[in-house]
Amino acid sequence: MSCAVIAVSQDCEGLQMAAFDLFERSMSADGLERAITNASLLGDLQELERIMPERKYSPGYLSFLCYLLWLGKMMDVGVQFLLFADEAEGLRAVNLARQEFEHEHPACCACGTPQATRFAKSCSACGQKFR
Amino acid sequence: MSTEETKTPESVKKIADGAMLPLDEKRVVTFIDRKFTYTFYLSRIMADDWARYFDGIVHSSRNAGKALEETLDLETPGIALVESKLQTTDGYRGDFMSKPGWQSKIPPRHSRPISWLLRTVAVSACATEDRPYDPDSIEVLLDAAWGMNKPGEMTMYQGLVHRFKPLTAEHKRKFYRAASMTRVVGGSRNGTTIYPVRYRSLVQIYDDLIHVVEGYSVNGAPLESVEAIRREMDVYHKVKAAEELFAGANEEAGGDEQK
């Protein structure tokens, strides 16, 4: 096991992969929340443990990703910041992850819901058929 | 040590009634443990002392399967702070204070609550509805344990006022960035995340934005100028007040993770 210290803000490759994982997990967040609520109400600890997703990245990646997402949204509405290099590279990594996500999970043309796979024949949310 | 054994009765002094917390006086901590009263006298805790305390905090987490293991050690730096500032005590038997390094002989059973009581500062239970709202400033009220009313009884100052100019986007960015600069040891997937100490950004934000305080004194006189506030205000109070500026904000900045 490597004992090297990783400064998360400078690990662009790790941030890109963690961002992609975050986007995929958010896609199933609503369904997961319902399943957790149902299992909690039933007191089914085994089911709770089964449905809880395993974290793929150390928690430190989520901390910096959340900061980058906040920074990006502030800049989207016109707030100007003089960016540090790690912030600029981090935003680029998030964008690349987003592009990869949109390629793997294209949005429905009717309702905008990201699909589980780019080979889906119809929308999982609204039923819109895809050509 | 059970809460029944260590009793810390408090007397309350309300800032709204004109009470003032004396920042420049010796720190005194007192409590009753198993029917005996212990009182501890410490020198004033300065900015460098608080810096050593905050820098000594260890906060880390790691994935353990589907669970998250989190470690937060405030005790070790808290006890180190107590040992470095303790000048004398009342209540112990024997003459252990005649020997050098006697401070380290204080049992953890006592040094832990001393460090807790030095850090008993929280957002006030006082209501602010009796004051009209000022759109140009943000008001934070704190309650803090400080000093001794009588042996065995601490004093609680209630409603200490910190009034700030509004936060800018740059201030928020400084704080969120400071809080997010994590390091990972042992690999990106299963390594241990080490969280940064963010008190420096909070102190800087406090000093940038503080406008007025009420309820604090030095040499018997209230703190009036911004320069005096920056110089004399206890750093732990600065951190707790500045933290409150971000309370209720999206602390997981960018918490809307959904695309």
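Residue numbers (numbering that gives the first Met the number 0), protein chains in the order written: chain A, 0 to 130; chain B, 0 to 258.
Idealized CB from N, CA, C, for every residue including glycine.
Could you check if residue i is buried or exposed, using at least 16 other CB atoms within 10 Å of its CB as the buried criterion?
i	result
B:Ala124	exposed
B:Gly146	buried
A:Met0	Since pLDDT at A:Met0 reaches only 48, below the 50 mark, its modelled position is unreliable, and the value read off the structure follows with that caveat. Exposed, because fewer than 16 other Cβ atoms sit within 10 Å of the Cβ of A:Met0.
B:Asn62	buried
B:Lys25	exposed
A:Gln58	In the sequence as displayed, the identity of residue 58 of chain A is Pro instead of Gln. The residue is buried, with at least 16 neighbouring Cβ atoms inside 10 Å.
A:Pro113	buried
A:His102	exposed
B:Pro112	buried
A:Phe63	buried
A:Ala17	buried
Under the criterion of a Cβ to heavy atom distance below 7 Å, does residue i qualify as lining the ligand NAP?
i	result
B:Glu24	Absent from the structure shown: the ligand NAP. Ligands present: none.
Using only the alpha-carbon positions, how far apart do residue i and residue j sit?
i	j	result
B:Gln157	B:Trp49	22 Å
A:Met74	B:Arg51	36 Å
B:Gly186	A:Val7	11 Å
B:Ala18	B:Gly214	6 Å
B:Arg176	B:Ile105	39 Å
B:Ala220	B:Arg33	39 Å
B:Glu68	B:Ser60	5 Å
A:Arg117	B:Val196	43 Å
B:Phe174	B:Phe35	44 Å
A:Ile5	B:Val184	6 Å
Can you check DSSP and say which residues form a bridge with residue i?
i	result
B:Thr181	Note: B:Thr181 sits in no beta bridge, so no partner.
B:Val11	B:Met155
B:His109	Bridge partners of B:His109: none, in fact.
B:Arg92	Paired residue(s): none; B:Arg92 is not in a bridge.
A:Met73	In DSSP, A:Met73 forms no bridge with anything.
B:Pro262	Nothing can be reported for residue 262 of chain B, as the shown portion of chain B is limited to 0 through 258.
B:Met262	Any question about residue 262 of chain B goes unanswered here, given that chain B covers just 0 to 258.
B:Ile137	B:Phe163
In the structure shown, what three-state DSSP assignment does residue i receive?
i	result
B:His236	helix
A:Arg49	helix
B:Met45	coil
A:Tyr35	As written in the sequence, residue 35 of chain A is Ile, which differs from the Tyr given in the question. Three-state DSSP puts A:Ile35 in a helix.
A:Glu23	helix
A:His104	coil
B:Asp72	strand
B:Asp142	strand
B:Gln86	strand
B:Tyr215	strand
B:Phe53	helix
B:Lys65	coil
B:Asp32	strand
A:Ser8	helix
A:Ala84	helix
Which whole-angstrom value describes the C-beta separation of residue i and residue j, a residue pair presumed to lie in contact below a C-beta threshold of 8 Å?
i	j	result
A:Leu14	A:Ala92	4 Å
B:Lys239	B:Leu141	6 Å
B:Ile78	B:Ser42	16 Å between Cβ atoms; not a contact.
B:Ile209	B:His161	7 Å
B:Ala143	B:Leu159	6 Å
B:Glu82	B:Ser103	6 Å
B:Tyr37	B:Gly90	4 Å
B:Ile137	B:Phe163	5 Å
Run through chain E and tell me which residues come within less than 8 Å of residue i, C-beta to C-beta.
i	result
A:Pro105	The structure shown has no chain E; the protein chains it does contain are A and B.
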